[in-house]
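Student:
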Amino acid sequence: GRVTGGKDEL
Amino acid sequence: MNIFRLTGDLSHLAAIIILLLKIWKSRSCAGISGKSQILFALVFTTRYLDLFTSFISLYNTCMKLIYIGCAYATVYLIYAKFRATYDGNHDSFRVEFLVVPVGGLSVLINHDFSPLEILWTFSIYLESVAILPQLFMISKTGEAETITTHYLFCLGLYRALYLFNWIWRFYFEGFFDMIAIVAGVVQTVLYCDFFYLYVTKVLKGKKLSLPA
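Structure below.
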């Protein structure tokens, strides 16, 4: 999965 | 979003609120490490800079803002409003021994050598060890108020639940983030000794005090 950029996890 | 992720976030939120309310209601931050709270404020600040660059969801944005706001409110209560009750003599952990190596590591091991990504990585590494000044303070004084142990339990539980979330996401979404997972394991392991004391003492109605 994509891990860089905006993060959906807090 | 899965159940582990949601309960993890709520556990994290509960921890933050418990600490704020404890300080506010007792008008005192005795037994609380201001250094750990500064580190958490730094963690949220460096992690949530993506608020300016990308929109994920209303939930995501609101939670990030709440976490940042509460972190700074907690620091304000400790170092300004209730400063007289702050136990600085026992809060003697040297944070530069955490921040400097973590800063170096985040520059060396990251997903992408860009400012935002390095700062995010820094926040992940720093969060994993940010509780150490608090645990150090408890080991130094040999005791913790029960409400403080509830705070620590919720805070530790949050990252443990995230571990289950990552297992879930790996199986059902093929998603994994090795940096978050390794740091999350380290973070959870640091709480294990405390979890043991919490279950064997606090849940049986005893105060958490360490043997001399």
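Order-wise, the sequence lines are chains A and B.
Per my numbering, the first sequence starts with residue 7, numbered consecutively.
Per my numbering, the second sequence starts with residue 123, numbered consecutively.
The beta-carbon is built from N, C-alpha and C at its ideal position, and this holds for glycine as well.
Small disclaimer: the values here were computed from a predicted structure and weren't measured.
Ignore the nearest five residues each way along the sequence and tell me which others in Ile367/B's own chain have a CB closer than 8 Å to its CB.
Tutor: This structure cannot speak to residue 367/B, because chain B is shown only from 123 to 334.
Student: Going by CA-CA distance only, name the one from Ala282/B, Cys151/B and Leu238/B that's closest to Phe108/B.
Tutor: The structure shown has nothing for residue 108/B, since chain B only spans 123 to 334.
Student: Could you tell me which of Thr322/B, Cys314/B, Asn287/B and Tyr320/B sits nearest to Asp14/A, measuring between CA atoms?
Tutor: When each option's Cα is compared against that of Asp14/A, the closest is Asn287/B.
Student: At a CB distance below 7 Å, what residues from the region 162-182 of chain B approach chain A? Give them in sequence order.
Tutor: Within the region 162-182 of chain B, the qualifying residues are Asp172, Thr175, Ser176, Ile178 and Asn182.
Student: Three-state secondary structure (DSSP) at Glu218/B?
Tutor: Of the three classes helix, strand and coil, the one that applies to Glu218/B here is helix, per DSSP.
Student: Could you name the residues of the same chain whose beta carbon sits closer than 8 Å to that of Leu135/B, not counting the 5 residues immediately before and after it, in chain order?
Tutor: Closer than 8 Å at the Cβ level, and outside the excluded window around Leu135/B, lie Met185, Ile188 and Tyr189.
Student: Looking at the secondary structure, which residues open and close the alpha helix (DSSP H) in which Val304/B lies?
Tutor: From DSSP, the alpha helix (DSSP H) with Val304/B extends over Met300 to Thr322.
Student: Leaving out five residues on either side along the sequence, give the residues of the same chain with a beta carbon under 8 Å from the beta carbon of His197/B.
Tutor: At residue 197/B the sequence reads Val, which differs from the His that was named. If we look at Val197/B and ignore the five residues flanking it on each side, its Cβ neighbours are Gly156, Gln159, Ile160 and Ala163.
Student: Which class does Ser331/B belong to by DSSP, given the choice of helix, strand or coil?
Tutor: DSSP places Ser331/B in strand when its eight states are reduced to three.
Student: What runs of the alpha helix (DSSP H), each 4 residues or longer, lie entirely inside the region 158-243 of chain B?
Tutor: The qualifying runs are 180-198 and 218-230.
Student: Closest Cβ-Cβ distance between Gly7/A and chain B: below 7 Å?
Tutor: Note on Gly7/A: pLDDT 47, under 50, position unreliable in the model; no value is reported.
Student: Look at the Cβ atom of Leu227/B, then the Cβ atom of Leu171/B, and state whether they are nearer than 7 Å.
Tutor: Taking 7 Å as the Cβ cut-off, Leu227/B and Leu171/B do not qualify as a contacting pair.
Student: Measuring alpha carbon to alpha carbon, tell me which residue in Leu325/B, Phe297/B and Gln309/B is nearest Met123/B.
Tutor: When only C-alpha atoms are compared, the closest one is Phe297/B.
Student: Bridge partners of Ala266/B, per DSSP?
Tutor: Beta-bridge pairing links Ala266/B to Leu330/B.
Student: Name the residues in the region 180-199 of chain B whose C-beta lies less than 9 Å from a C-beta of chain A; which are they?
Tutor: The region 180-199 of chain B vs chain A, Cβ under 9 Å: Asn182, Met185, Lys186 and Tyr189.
Student: When you compare each of Glu295/B, Lys147/B, Leu254/B and Val311/B to Glu218/B by their alpha carbons, which one comes out closest?
Tutor: Selected option, being the one with the closest Cα: Leu254/B.
Student: Report the neighbours of Trp290/B on chain A: residues whose CB is nearer than 9 Å to its CB, in chain order.
Tutor: In chain order: nothing, as chain A lies at least about 12 Å away.
Student: Determine the burial state of Val324/B: buried for a count of at least 16 other Cβ atoms within 10 Å of its Cβ, exposed for fewer.
Tutor: By the 10 Å Cβ count, Val324/B comes out buried.
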